[in-house]
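Residue numbers (this note's numbering): 1244 to 1460. We put the CB at the ideal spot given by N, CA and C, even for glycine. To start, the structure itself, in structure tokens.
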Amino acid sequence: MASASTSTQAPAQAGKSTQPLVAQGDWTKNLVQLAKTAELKKYALTLQLQSAHILSAHATLEQKLRSIQDLKEQKNKLDSERARLLNCLREVNEDRDKTDMMEAQLNNECAELRARIQQITEGEYATAKRDVDALRAELGQPPLPSLQATLEEKSQQYLQERRLGAEQNNKRAVDEVMLDGAPATSAKRPRGRPKGSKNRGSKVPGGGGQAPEAVPV
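This is the structure in structure tokens:
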């Protein structure tokens, strides 16, 4: 009998274990919720990654914009400097044109003076010198020095004056440098009562001492 009972219980337990599981509640909704949650996490991770890329690109953009602003400021400074230098160049060119005109004018004046000197030397001067030398020869006097000798003497005198003037200027410059390098001595009277003035000031004038100094108010 024991074996029979056990044999009847075994098929019952086997039938009970092979019984299908039945889901409790709305399981399809839960599966959909789980799928959407997984998808949300995936999209959230992608969004976070793209946001990091955007922030990094935005920081780089701001740095580039600051660099562009710095370059614009530097360009403005360079433009100002270029305008100043161009203005200076224009002034230099104008001054150079003026000096060229003055040089041409002086060259023309020098040419006119040379022509005038040549004309006087060969004309009136030659006649007058010939007459003077003839009269001096009759009087037993030596002839006058030639014009070239006179000009050379004047040139030597001019160069000597220039040399002396340059030496004086150099000496004056050296003296000024030495004076500038020497320590400055103060000629101001020291403030306060001088030493021994207390005893000397108490003496009466006429008694062999000095008169007391006036006290500044």
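Between Asn-1413 and Leu-1394, the alpha-carbon positions lie close to 29 Å from each other. Under the three-state reduction of DSSP, Gln-1348 is assigned to helix.
Rounded to the nearest whole angstrom, the CA to CA distance from Ala-1354 to Glu-1404 is 27 Å.
DSSP places Thr-1370 in the uninterrupted alpha helix (DSSP H) bounded by 1369-1381. DSSP places Asp-1269 outside both helix and strand once states are collapsed to three, so it counts as coil.
In this structure, Leu-1390 sits near Thr-1364, with a CB-CB distance shorter than 9 Å. Distance from the CA of Met-1344 to the CA of Glu-1352, rounded to the nearest whole angstrom, comes to 12 Å.
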